[in-house]
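Protein chains: 2
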Amino acid sequence: MEKLAAVMLGDGFEPVEALAPVDALRRGGVRVRTVSVMDGLQVTSAQGVTMHADDGVSDVDLLGFDLLVVPGGSGGVDNLAKCAPLADALERFMAEGKPVAAICAGPMILADLGLLEGRKATCYPGCEEGFPAGAYQDVRGVVVDGNLVTASGPGQALDFGMAALRVLAGDAAADRVAADMLIAG
Amino acid sequence: MEKLAAVMLGDGFEPVEALAPVDALRRGGVRVRTVSVMDGLQVTSAQGVTMHADDGVSDVDLLGFDLLVVPGGSGGVDNLAKCAPLADALERFMAEGKPVAAICAGPMILADLGLLEGRKATCYPGCEEGFPAGAYQDVRGVVVDGNLVTASGPGQALDFGMAALRVLAGDAAADRVAADMLIAG
Numbered sequence: 023m024e025k026l027a028a029v030m031l032g033d034g035f036e037p038v039e040a041l042a043p044v045d046a047l048r049r050g051g052v053r054v055r056t057v058s059v060m061d062g063l064q065v066t067s068a069q070g071v072t073m074h075a076d077d078g079v080s081d082v083d084l085l086g087f088d089l090l091v092v093p094g095g096s097g098g099v100d101n102l103a104k105c106a107p108l109a110d111a112l113e114r115f116m117a118e119g120k121p122v123a124a125i126c127a128g129p130m131i132l133a134d135l136g137l138l139e140g141r142k143a144t145c146y147p148g149c150e151e152g153f154p155a156g157a158y159q160d161v162r163g164v165v166v167d168g169n170l171v172t173a174s175g176p177g178q179a180l181d182f183g184m185a186a187l188r189v190l191a192g193d194a195a196a197d198r199v200a201a202d203m204l205i206a207g
Numbered sequence: 023m024e025k026l027a028a029v030m031l032g033d034g035f036e037p038v039e040a041l042a043p044v045d046a047l048r049r050g051g052v053r054v055r056t057v058s059v060m061d062g063l064q065v066t067s068a069q070g071v072t073m074h075a076d077d078g079v080s081d082v083d084l085l086g087f088d089l090l091v092v093p094g095g096s097g098g099v100d101n102l103a104k105c106a107p108l109a110d111a112l113e114r115f116m117a118e119g120k121p122v123a124a125i126c127a128g129p130m131i132l133a134d135l136g137l138l139e140g141r142k143a144t145c146y147p148g149c150e151e152g153f154p155a156g157a158y159q160d161v162r163g164v165v166v167d168g169n170l171v172t173a174s175g176p177g178q179a180l181d182f183g184m185a186a187l188r189v190l191a192g193d194a195a196a197d198r199v200a201a202d203m204l205i206a207g
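Going line by line, the protein sequences match chains A and G. Going by this note's numbering, the letters in the first sequence line up with residues 23 to 207, in that order. Going by this note's numbering, the letters in the second sequence line up with residues 23 to 207, in that order.
If you want it as structure tokens, here you go:
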């Protein structure tokens, strides 16, 4: 059955961290919606790239998705952190073991919601301050802990998207996309 | 003096190959304009991401830039290949040794214009058919040959952007951005 992913966007999102997962997931056959938490569909990234989100957060039911993707970029994360429907959905996803992927400053939202207790995760160096004891994995890369995919920064954005695709759609889809995109996968 | 780069966009561009260079270059202090070769400023990538370019190609003088970036995505490259001002500018840049960066299917445009004679370049595997003898470097990575930066595919997009930044703005800027983005640089 077709899988459905939401990539959450607030003004100031890191463009590569948001679009590498969109790219990898769509290539892998996942139906991806980019979802703006701003007033309209127009969102502007860190480094000033303006794009149109597919949906506004008030127009979708985040609980109907199979994967939530939380990109970094500190301004974007500040905006995502204010989004109550996203917070509710992240709590439900983590409680139910549904896939959640967060990168760079994104995992701070999970930490602030108390969702990293007993979990393993990484983030941009310095963003681990609010992590519970034992959660932070000090790597430059991707950490997969069951349903939870986290990664450290822009340099890991494609690997992060690939890992989310692998968790959501399986090895065959991920291996095919990794070959197409000329990445190790 | 501030450097000025144009990232050329036609409908069907590969989003990571276009935006990773925008991101790396802007972080490095380069003034980047995304330039649409379509009728309007709205451009839609491969994998369906719609963004606003900063300029239309008819509104800028490409010869006034210090770097031209040609992303891949076969649909995007088809559109770029039809753009006469881009072809003229690429010919001038290559003749004058000004920086040109092309990735994935992008280097095909250079090959078709006869600009890879005596040069070393790479591209997405299979796109090297029109390369002159001796030009193609069979790597999954980035090839820097003086003013010419080429790379193989999406998996190399950040390294490609970093290499373009290094050629245009020097090692200090590139090293700083590589550290910020958590990439090898």
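Ideal placement from N, C-alpha and C gives every residue a C-beta, glycine not left out. Source: prediction; values computed, not measured.
CB contact check: residue i to chain A, cutoff 7 Å
i      : result
G:D45  : yes
G:T144 : no
G:T172 : no
G:V38  : yes
G:S176 : Before going further, note that residue 176 of chain G is Pro rather than Ser in the sequence given. True, the Cβ-Cβ gap to chain A drops below 7 Å.
G:T66  : no
G:M73  : yes
G:R48  : yes
Anticipated Cβ contact below 8 Å, residue i with residue j, distance rounded
i      : j      : result
G:L63  : G:G78  : 6 Å
A:T66  : A:D33  : 5 Å
G:A185 : G:V166 : 6 Å
G:A28  : G:F182 : Not a contact, Cβ separation roughly 15 Å.
A:C149 : A:P121 : With a Cβ gap of about 21 Å, A:C149 and A:P121 do not count as contacting.
G:A123 : G:I131 : The pair is not a contact, with the Cβ atoms about 12 Å apart (cut-off 8 Å).
A:E217 : A:C105 : In the structure displayed, chain A extends from 23 to 207; residue 217 of chain A sits before or after that span and is not available.
G:M73  : A:V71  : 6 Å
A:L85  : A:A103 : Actually they do not touch by this definition, with Cβ atoms about 19 Å apart.
A:A143 : A:G98  : Going by Cβ atoms, the distance from A:A143 to A:G98 rounds to 18 Å, so no, they are not a contact pair.
Residue i to residue j span [Cα, whole Å]
i      : j      : result
G:G136 : G:S174 : 19 Å
G:G177 : A:M203 : 6 Å
G:D76  : A:S96  : 23 Å
G:M18  : G:D81  : Residue 18 of chain G falls outside the range modelled here, since chain G spans only 23 to 207, and no answer is possible.
G:A179 : A:E139 : 35 Å
A:R141 : A:V161 : 15 Å
A:G168 : G:A194 : 40 Å
A:Q159 : G:R53  : 36 Å
G:E151 : A:G119 : 48 Å
A:G163 : A:R49  : 22 Å
A:E108 : A:A196 : Checking the displayed sequence, the identity of residue 108 of chain A turns out to be Leu instead of Glu. Looking at the two C-alpha atoms, the distance is approximately 26 Å.
G:R45  : G:V91  : First, the amino acid is wrong: residue 45 of chain G is Asp here, not Arg. Cα-Cα distance, rounded: 13 Å.
G:G3   : A:L190 : In the structure as shown, chain G begins at 23 and stops at 207. Residue 3 of chain G is therefore absent and cannot be evaluated.
A:V38  : G:V38  : 6 Å
G:V212 : A:G51  : Look at the range of chain G in this structure, 23 to 207, and you will see that residue 212 of chain G is not part of it.
G:A133 : G:E113 : 11 Å
A:L187 : G:M23  : 43 Å
G:T172 : A:D83  : 43 Å
A:G192 : G:K25  : 44 Å
G:A155 : G:D61  : 37 Å
G:I205 : A:D100 : 24 Å
G:P147 : A:F87  : 35 Å
A:L170 : A:C145 : 12 Å
Minimum Cβ-Cβ distance from residue i to chain G less than 7 Å
i      : result
A:I205 : yes
A:A194 : no
A:L41  : yes
A:Q69  : yes
A:R162 : yes
Contact test: residue i Cβ vs the ligand ADP heavy atom, cutoff 6 Å
i     : result
A:L41 : For the structure depicted, the ligand ADP is absent and the ligand set is empty, with no information on it obtainable.
| Runs of alpha helix (DSSP H) wholly within the stretch 129 to 182 of chain A (minimum 4 residues, chain order) | 129 to 134, all fully within the stretch 129 to 182 of chain A.
| Length at least 4, wholly inside the stretch 60 to 111 of chain A: the alpha helix (DSSP H) runs in chain order | Segments of the alpha helix (DSSP H) lying fully in the stretch 60 to 111 of chain A: 96 to 103.
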